[in-house]
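Reviewing the structure listed below.
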Amino acid sequence: MNPDIYFVSFMIGIGFTATVLHLIRVRKLREQYALLWLALGMLMIVLSPFPGIIDRLAAIFNVDYAPSLLYLLAFIGVLFLLMHMSIALSSLTGRVIKLTQTLAMQEQRIRELEQQKLKIPRIFAQEAAERAEMDDRAW
Numbered sequence: 007m008n009p010d011i012y013f014v015s016f017m018i019g020i021g022f023t024a025t026v027l028h029l030i031r032v033r034k035l036r037e038q039y040a041l042l043w044l045a046l047g048m049l050m051i052v053l054s055p056f057p058g059i060i061d062r063l064a065a066i067f068n069v070d071y072a073p074s075l076l077y078l079l080a081f082i083g084v085l086f087l088l089m090h091m092s093i094a095l096s097s098l099t100g101r102v103i104k105l106t107q108t109l110a111m112q113e114q115r116i117r118e119l120e121q122q123k124l125k126i127p128r129i130f131a132q133e134a135a136e137r138a139e140m141d142d143r144a145w
């Protein structure tokens, strides 16, 4: 293969890793999600200048065409990313449900307190009216 393609893929790996690090730095990507992306970028950086690694891995796994091993590894990587995102989504869904229930209970408590607040002046007004009546009767 042409050595220029190895250089281009190496530069793409560097650019990809730099982009992930920049996204972490500006807080657009959280560290826990970035670990898999950083691992992918590092893998690209390592495999680009040393294509013999792919050939040796293909020989170990009895794969006749080495690039097909890359596709298999990429597919497995995507499965791991999907699993990781599904776990994160499930966790966030549970948290949203809990927060929604807590918010509903707090709103109910606020309504109860507001109703009690409205009842208290009426009670005082009734007691004052009863006292005034009693005072009027006493005279």
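Residue numbers (our numbering): 7 to 145. Quick reminder that beta carbons are idealized off the backbone N, C-alpha and C, glycines included.
Determine the burial state of T106: buried for a count of at least 16 other Cβ atoms within 10 Å of its Cβ, exposed for fewer. On the sequence shown, residue 106 is found 100 positions in, with the first residue counted as 1. Around the beta carbon of T106, fewer than 16 other beta carbons lie within 10 angstroms, which makes this residue exposed.
When you compare only the Cα positions, how much space is there between L79 and A110? Along the sequence shown, read from residue 1 onward, the residue named residue 79 stands at position 73. Along the sequence shown, read from residue 1 onward, the residue named residue 110 stands at position 104. Their Cα atoms are separated by approximately 47 Å.
Below 8 Å CB to CB, which residues in the same chain sit around Y12 once its five sequence neighbours on both sides are set aside? One-based indexing of the sequence shown puts residue 12 at position 6. Excluding residues up to 5 positions away in sequence, S54, P55, P57 lie with their Cβ nearer than 8 Å to the Cβ of Y12 in the same chain.
In whole angstroms, give me the CA-to-CA distance for T99 and V69. Residue numbering aside, residue 99 sits at position 93 when the sequence shown is read from its first letter. Residue numbering aside, residue 69 sits at position 63 when the sequence shown is read from its first letter. The alpha-carbon separation between T99 and V69 amounts to approximately 41 Å.
D70 by DSSP, collapsed to three states: which one? By one-based count along the sequence shown, residue 70 stands at place 64. Coil, per DSSP.
What do you reckon, is the C-beta of Y71 under 6 Å from a heavy atom of the ligand COA? Looking at this structure, you won't find the ligand COA or any other ligand, since it has none at all.
Just confirm the distance between the C-beta atoms of I20 and I51, as a whole number of angstroms; I'd bet it's less than 8 Å. Translated into positions along the sequence shown, residue 20 becomes position 14. Translated into positions along the sequence shown, residue 51 becomes position 45. Yes, they are in contact, since the Cβ atoms of I20 and I51 sit about 6 Å apart, within 8 Å.
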